[in-house]
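As structure tokens, the structure follows; a few thoughts come after it.
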Amino acid sequence: MGANNFKTKLTVRLLALATIASTTLTLIPLAYSQDSETLARVNGNEITAADLAIAEQMYAQQLGQMPEDAKRSVLVDALIELRIISDAARAANAMEQDAYKRQMAFFEAQTLRSVFLEQRVASAVSDAAVRAAYDEQAGKIPVVRERRLRHILLQNESEAKDVIEALKAGRPFAELAQERSADDVSKAKGGDLGFVAEGQTLPEVDAAAGALKQGEFTQEPVASLFGFHVVMLEEERNRPAPPFETISPQIRQALEAAEEQRIISEIRSGAEVEKLIPDVSPPQMDDGHDH
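Our numbering numbers the first residue of the sequence shown as 162 and each following residue consecutively.
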């Protein structure tokens with residue numbers, strides 16, 4: 162899409178909301194309203210960085226990964242055109258038309274819904290609530306025992322036995338892995354396979370590791386389809402829960418969605434509602450799977 166076409170389409174979208182600009186400005190977070198840098202003027206009226214922030218917030222998805230300077234220019238151009246056309250609409254008394262009033266009522270209801278739910282949900286889903294949900298879920302995770310293993314893969318049994326003798330003589334396992342292992346992935350890490358639970362590695366390696374104590378290595382080569390392994394058990398532990406920092410955004414999102422639905426259900430239960438058309442479920446979307 163050319164730049165002019167993009168600006169035109171964006172302007173059309175912005176024009177659809179132009180009439181509620183004066184209403185929504187008071188509902189945008191305070192940080193935006195404090196930003197009074199003037200970016201353009203139309204008929205003596207300023208377009209500020211606060212206006213730009215609102216437009217950017219509304220159209221973040223459409224703007225995608227556009228460079229910041231281009232995004233800023235496109236949005237300001239669209240705001241200029243929006244202001245020109247909306248001023249012309251006011252001069253033509255468009256605000257007295259029923260179509261305008263119906264759209265205003267819709268946009269006002271939409272904005273009130275958004276702000277009301279956002280504020281109620283934010284007050285209910287605190288940092289403490291997110292942490293409590295994490296602690297509760299972490300406590301329900303089944304205990305999984307896992308081992309941190311190292312291995313050295315050799316092409317034949319004789320080579321594997323040579324490595325075992327070198328280990329018995331005191332050679333460091335990691336050093337021998339880097340020198341001798343045929344496993345190109347793990348040899349650079351001294352044969353380190355990381356933490357693996359039962360069933361997550363080769364059955365032969367799994368069985369051999371299960372017979373070891375921490376710090377021990379296999380005294381005989383372990384044969385598999387890939388060759389002969391010398392296996393060392395470095396550490397055993399119960400698998401830890403995912404770190405709070407990595408999953409707290411998903412937990413917060415789930416709590417917020419649940420709280421929003423609770424609030425809506427609570428308010429709806431006290432409202433008098435008459436739906437005068439039949440309830441019809443939407444068709445199930447095809448997800449590409451043969452259920």
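For each residue, glycine too, the CB sits at the ideal point set by N, CA and C.
None of these values were measured; they are calculated from a predicted model.
Open item on the list: Please state the DSSP three-state secondary structure of I215.
Closed with: In the structure shown, I215 sits in a helix (DSSP, three-state: H, G or I).
- [ ] Look at G352 and A335 and say whether their C-beta atoms are less than 8 Å apart.
- [x] yes
TODO: Leaving out five residues on either side along the sequence, give the residues of the same chain with a beta carbon under 8 Å from the beta carbon of R306.
DONE: A358, E359, E397, R398, N399, R400
Open item on the list: DSSP three-state label for L354, please.
Closed with: strand
Open item on the list: So, for T199: in the same chain, excluding its five sequence neighbours on each side, which residues have a beta-carbon less than 7 Å away from its beta-carbon?
Closed with: E207, T209
Open item on the list: Taking the straight line between their C-alpha atoms, what separation do you get for D127 and M393?
Closed with: Any question about residue 127 goes unanswered here, given that the chain covers just 162 to 452.
Open item on the list: Just to confirm the assignment, what range does the alpha helix (DSSP H) spanning A455 have?
Closed with: A query on residue 455 cannot be resolved here, the shown segment of the chain reaching from 162 to 452 and no further.
Open item on the list: For the region 315–330 against the region 406–423, do three or more pairs of beta-carbon atoms, one drawn from each stretch, fall closer than 8 Å, so that the two count as touching?
Closed with: no
Open item on the list: Run through the DSSP bridge pairs and tell me what S385 is partnered with.
Closed with: Beta-bridge pairing links S385 to G388.
TODO: Measure the C-alpha to C-alpha separation of A372 and A384 and round it to an integer number of angstroms.
DONE: CA-to-CA, the gap between A372 and A384 works out to about 15 Å.
Open item on the list: Going by DSSP in three states, A372 sits in which element: helix, strand or coil?
Closed with: coil
Open item on the list: Checking the sheet assignment: what are the DSSP bridge partners for A201?
Closed with: I208
TODO: Quick one: measure Cβ to Cβ for F405 and L314, integer angstroms, because I've assumed they're closer than 8 Å.
DONE: With 8 Å as the limit, F405 and L314 do not qualify as a contact, their Cβ atoms being about 37 Å apart.
- [ ] Could you check the C-alpha separation between S275 and N204 for me, to the nearest Å?
- [x] 32 Å
TODO: At 4 residues or longer, and completely inside the region 402–443: list those alpha helix (DSSP H) runs for me, N to C.
DONE: 405–430
TODO: Would you mind giving the Cβ-Cβ distance between E421 and L273, rounded to the nearest angstrom? I have them listed as a contact below 8 Å.
DONE: The Cβ separation is near 15 Å, so there is no contact.
Open item on the list: My output table needs one value for M446: the three-state DSSP class, helix, strand or coil.
Closed with: In the structure shown, M446 adopts coil according to DSSP, grouped into three states.
Open item on the list: Which of the three DSSP states is assigned to R306 in this structure?
Closed with: strand
TODO: Would you mind stating whether A216 and A239 have Cβ atoms separated by less than 8 Å?
DONE: yes
Task: 8 Å contact criterion, which R309 and G376 should meet: CB distance rounded - done: With a Cβ gap of about 11 Å, R309 and G376 do not count as contacting.
Task: Length of the line joining the Cα atoms of L224 and A214 - done: 13 Å
Open item on the list: Among the candidates R311, E417, A211, whose CA atom is the shortest distance from the CA of V346?
Closed with: R311
- [ ] Since I believe V282 is in contact with E417 (beta carbons under 8 Å), could you give me their beta-carbon distance rounded to a whole number of angstroms?
- [x] So it is a contact: roughly 5 Å between Cβ atoms.
Task: DSSP state of L363 mapped onto helix, strand, coil - done: coil
TODO: Determine the direct distance from the alpha carbon of R429 to that of E257, and round the result to whole angstroms.
DONE: 33 Å
- [ ] Indicate whether E419 and A299 have their beta-carbon atoms separated by less than 8 Å.
- [x] In the sequence under discussion, the amino acid at residue 419 is Ala, which differs from the Glu named in the question. No, they are not a contact pair.
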